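Taking it in order: structure first as structure tokens, then the write-up.
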Amino acid sequence: KSKQQIPVTVNSSTATLPFRPSSNFIQKTSIYVPHLILNIRNYSTLLTVSNSSNSPRYLPKGTVIGIATYNNSDSYNITDNKNSITPNTFNSASQQINKITTPPPLPTTQQTISNLLFHIADQTQRDLIQSLLFKFQSTFDTSKYSVAQTKLSHVIETYPHTPPVSKCYPGNPTIIAELKSIINKLLEAGLIRESQSPYAAPALLVKKKDQTWRLVIDYKKLNAITIKDNYPLPNMEATLQTLGAGYHYFSKFDLKSGFWQLPINEKDRFKTAFITSFGLFEWLVLPQGLRNSPPSFQRIMNNVLGAYSEFFLGYLDDIIIFSKDFNQHLNHIEQVLNTLKSHNLILNPTKCEIAKQQIEYLGHVITPTTISPTPEKIKSIISLPEPRTLAQANRFIGALSWYRKFIPNFSSIAASIHAVTNLTKHNRHKFKWVYEQSKSFNELKQLLTSTPLFLNFPDDTQSVLLSTDASKIGLGGILYQEINNVRKVLYYHSELLSPSQTRYNPMELEALAIFKCITRMRSFLLGRNIIIYTDNCPLCHMMNKKISNKRVEKISLLLQEFNIQQIIHVKGKYNCLPDYLSRHPIASDDELPDDYGLGFTKDKSSSIQLLGVVVTRSKAKLLSHNIDSTSSSSQQQNSLNSSSSSSHDSNDLHNADDYFDITKLKEHQQNDPQIQKIINDLKQRPNMSFEYQNDILYKLLSHLRGKINEN
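Position 173 (the sequence shown) corresponds to 965 in our numbering; numbering is contiguous.
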């Protein structure tokens, strides 16, 4: 009998969600999992499970543990967790779980704060920092919007111009109803007001992955006449060198909807006016999409927290506190929280990290003794597979053609590969890839990801250049700078396309490559001048003109906060390495929340919605203190593996309360007037396209020449 924490994954990047275990899983494994609130980060979290039996239990990777749901209502009361089922009552666990019909309660602010402190092993230290954070729980309360009380506000300086005006975007009744609902909430929260401005930018809704809507304003015309704000961002290299001075405790804070908390100067609010089919409104706070949002945000944060420069650094919305010892860290946190509270600035607790001795900041892992780059920036190169055919070897060498002049001794290093690729048509069968070629391949990859070609920090005096490409299976991109006519790479990225994305047309794929790369490289790009290279010519004007393609147009609006100076068309033969990366994408365990979703639908049948199954993330986990390696143990493992892999993967979800089964299909058909009409017609006149059996209507399909065709 034992307890153990296991890593699990769920289809949400960062969230705090109610979790309900699968009754089928508990019955079949004798492993107890409680109802609880999951604090999810990077699509994963830790889950405590209990083995109530006297023998070892194994959980294969991919085992369905239960489901996580989100709730559109805020009406549930918060209760404690003292009545949770314990291992002592395990025998009746499944019956008790199945009796629960209401969703688990949402966490209080205090519970959310407590979830940030599980990593602190010293109970005294945990109690001290928890007591401190509880004093400032209003600063962690995200239940309502707030506007910061600051001396500075966002200013919109424009060139002499005629106020830009656009017509409102058309929308179906459902979209208009959703837009009205969002506008009413923003009015009630005091973030916008009705307007009589001569300006009018069109508003639209973009579906997010969590099935909610995001309001997006097309500020292209306003941004075109806005004078650039050159307020400097902190130097990345100097910032990280400061953190490398032997500090032992680090805390990161993230502002909740950071831009929306900052006020807009009263004289400039009318310039933010946006138009809908039911009225004109203007912002009182800084909306996303305005040209100078990042430098303005940095200026205000420096003004608010600049007095704490000895232990505080802020790079846009990445705020970090660093201290030599724990007591000092408590004092530093208190000073920062006190200032945030006095300025009415609210933090997003699910993205905060408290009193860590190892932390990731600006693409680097910081410890008391080391600062090392995260592998994220180079893993697209490191993970490239070795060529196995002549064509693959030629593509690899061709992809490096532009970089050969920046790689010392390129010719001698690549000589062994050239020796087996420079073959005539009649000698291609002589191609071989052995130790010498493998050694050269790995050495070239190493040179691509190290100095002098690779930079850890951007040069603040130079623009950043982004070259992207997309194939039918993936996308690729390289972020770099030209310094003294020498190319210096900052970031390599590749990503496997989802099944739905593979159906995008070429222009949509190239736009998606730009969007994904910019989103991934956000900390390197915000506030900097960006020049983009793409081999899709129509995209060159997507940031300053309306695009007829809806998907591309949405992407262009979502990129408005970035200072994209120019998009330049480049021939494919000059874009070799991004093309090569797009054809060798990595299946990314993407840490980015897909906030913008480009084609999701919403199930409005219930306010409680299934977010996704929670499954084991690691390899097989032994749920006991000792592993018995005898044959009987092996037989038991094989038995459990067999039942888990075949039964859990399919049946656990099937037996979950929210799983869509044949009974629910029947209920939906009975309530659908069109389905009922077909059924009634079918009873009177048989139809070869449909069949009605056991109160279920089936659509008949036939296989013809390898395709499925409707009769």
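Idealized CB from N, CA, C, for every residue including glycine.
No experiment lies behind these values; they were computed from the predicted model shown.
Through-space distance from residue j to residue i, alpha-carbon basis
i	j	result
residue 1261	residue 1276	26 Å
residue 1126	residue 1369	49 Å
residue 747	residue 1115	Residue 747 lies beyond the stretch modelled for the chain, which goes from 793 to 1503, so this question has no answer here.
residue 860	residue 903	18 Å
residue 1134	residue 1330	49 Å
residue 1206	residue 1279	20 Å
residue 1240	residue 1281	8 Å
residue 1320	residue 1024	9 Å
residue 908	residue 1374	38 Å
residue 1446	residue 1003	Low per-residue confidence applies at residue 1446: pLDDT is 40, beneath 50, and the placement is therefore not dependable enough to give any value.
residue 1290	residue 854	19 Å
residue 939	residue 852	48 Å
residue 1489	residue 1477	14 Å
residue 1283	residue 1203	24 Å
residue 1484	residue 1471	7 Å
residue 837	residue 799	6 Å
residue 1098	residue 1090	11 Å
residue 986	residue 1255	39 Å
residue 967	residue 997	8 Å
Beta-carbon proximity check, residue i vs residue j, cutoff 8 Å
i	j	result
residue 1307	residue 1350	yes
residue 1050	residue 1109	yes
residue 1372	residue 1188	yes
residue 830	residue 802	yes
residue 1509	residue 1067	As shown, the chain starts at 793 and ends at 1503. That puts residue 1509 outside it, with no answer to give.
residue 1071	residue 1011	no
residue 1215	residue 1222	yes
residue 1507	residue 1287	Only positions 793 to 1503 of the chain appear in this structure, which leaves residue 1507 out of reach.
residue 1040	residue 1149	yes
residue 1299	residue 1341	yes
residue 1131	residue 1152	no
residue 984	residue 1044	no
residue 1229	residue 1209	yes
residue 953	residue 1054	no
residue 991	residue 1063	yes
residue 1185	residue 1213	yes
Nearest neighbour of residue i, chosen from the options [CA to CA]
i	options	result
residue 1084	1228, 1489, 1355, 795	1355
residue 1461	1487, 1473, 1476	1487
residue 1345	1376, 1213, 1302	1302
residue 1076	932, 832, 1312, 937	937
residue 1093	1117, 1170, 1047, 1219	1047
residue 1163	1036, 1234, 1211, 1198	1036
residue 1057	1044, 1042, 1074	1074
residue 963	1333, 957, 971	971
residue 913	1146, 1015, 1458	1146
residue 1087	1140, 1079, 1062, 1021	1021
residue 1359	931, 1005, 1323	1323
residue 925	944, 910, 905, 942	905
residue 1143	1457, 828, 833, 796	833
residue 1117	917, 1361, 979	917
Residue i (DSSP reduced to helix, strand or coil)
i	result
residue 1212	helix
residue 1225	coil
residue 990	coil
residue 1195	helix
residue 1320	coil
residue 900	coil
residue 915	helix
residue 1336	coil
residue 1064	helix
residue 1285	strand
residue 858	strand
residue 907	helix
residue 1280	strand
residue 1186	helix
residue 842	strand
residue 1240	helix
residue 1292	coil
residue 1297	coil
CB contact below 8 Å: residue i versus chain D
i	result
residue 939	The structure shown contains no chain D, having only a single protein chain.
Near the ligand SAM: residue i beta-carbon under 7 Å from a heavy atom
i	result
residue 825	In terms of ligand content, the structure shown is empty, and the ligand SAM therefore cannot be addressed.
- Task: May I have a chain-ordered list of the alpha helix (DSSP H) segments no shorter than 4 residues that lie completely inside the stretch 1339-1388?
- Result: As far as the stretch 1339-1388 is concerned, its whole alpha helix (DSSP H) runs of at least 4 residues are 1342-1350, 1368-1374.
- Task: Pick out the complete alpha helix (DSSP H) segments inside the stretch 1078-1163, 4 residues or longer, and give them in chain order.
- Result: 1085-1097, 1118-1134, all fully within the stretch 1078-1163.
- Task: For the stretch 940-996, list the alpha helix (DSSP H) runs that are entirely contained and at least 4 residues long, ordered along the chain.
- Result: Complete alpha helix (DSSP H) runs here, min 4: 965-981.
- Query: What are the complete alpha helix (DSSP H) segments, minimum 4 residues, inside the stretch 1007-1068?
  - Reply: Segments of the alpha helix (DSSP H) lying fully in the stretch 1007-1068: 1012-1016, 1028-1035.
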